[in-house]
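Down below is the structure, laid out as structure tokens.
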Amino acid sequence: MKNLRNLARKYGSKALAMAALGTASAGAFAQTTTNPIVTVLNAVGLDGVQAAVLAVCLIIVAIALTMKGPDVSKRVIRKV
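Sequence positions in the sequence shown follow mature numbering (1 follows the signal peptide of the UniProt record, and there is no 0) and run -30 to -1, 1 to 50.
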């Protein structure tokens, strides 16, 4: 009984939040044809946005690798 109370105290609020989210999203998905947000997102072409986001991500990764490259090479040289 004590273990059950501890589990309820630990996960109760998370379970309640997930149930509320599921209930709220079920109503939102049922009205996809009249939802103005879905209508706007369907009208906007997201292909260009996806390409731009991918390019920005690649640039960020390249900058991070450029900054970390000398440190990594020094470690490799030390181990050899």
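Even glycine gets a Cβ: it sits at the ideal position worked out from N, Cα and C.
None of these values were measured; they are calculated from a predicted model.
When DSSP labels each residue in this structure, what does VAL10 get in the three-state scheme? helix
For ALA34, collect the residues of the same chain with a Cβ closer than 6 Å to its Cβ; drop the 5 residues on either side in sequence, then sort them by chain order. none
Quick check: what's the CA-CA separation for LYS44 versus THR36? Those two C-alpha atoms are separated by around 14 Å.
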